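Under this note's numbering, the first residue of the sequence shown is numbered 26, with each subsequent residue one higher. Every residue gets a Cβ at the ideal spot worked out from N, C-alpha and C, and that includes glycine. All figures in this text were calculated on a predicted structure; none of them were measured in a lab.
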Amino acid sequence: MKPIHIITLIAFLASITSIVCGLVLDVNYAQKLIGFGVVGLFLVVFPLFSYYRWKGKDVKDYMLTKENLDKMRENQRENKI
Numbered sequence: 026m027k028p029i030h031i032i033t034l035i036a037f038l039a040s041i042t043s044i045v046c047g048l049v050l051d052v053n054y055a056q057k058l059i060g061f062g063v064v065g066l067f068l069v070v071f072p073l074f075s076y077y078r079w080k081g082k083d084v085k086d087y088m089l090t091k092e093n094l095d096k097m098r099e100n101q102r103e104n105k106i
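Set out below in structure tokens:
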């Protein structure tokens with residue numbers, strides 16, 4: 026596995042563990058555990074995952090440009106026949 030994949034997995038597991046511990050444990054700082062878990066998911070795990078999945082891909086392939094819309098229409102015509 027690639028290092029960024031491992032880092033993302035560890036951060037994900039740490040965030041989920043923090044959220045679960047905050048929900049299960051009866052301590053004064055339970056809400057902080059849940060908050061840190063959610064912040065970890067959205068500020069660490071999601072950007073790392075997005076970077077890992079989008080690295081090396083061309084964003085123009087996923088945008089609705091005139092050329093891509095024309096390609097989609099041609100594909101629909103070909104599939105209907």
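Query                                                                           : Result
For PHE37, the first and last residue of its enclosing alpha helix (DSSP H)     : 28-49
DSSP-derived helix/strand/coil call for TYR54                                   : coil
Three-state secondary structure assigned by DSSP to GLY65                       : helix
Assumed close pair ILE59, LEU48 - CB separation to whole angstroms, cut-off 8 Å : 7 Å
Alpha carbon of LYS85 to alpha carbon of TYR76, nearest angstrom                : 16 Å
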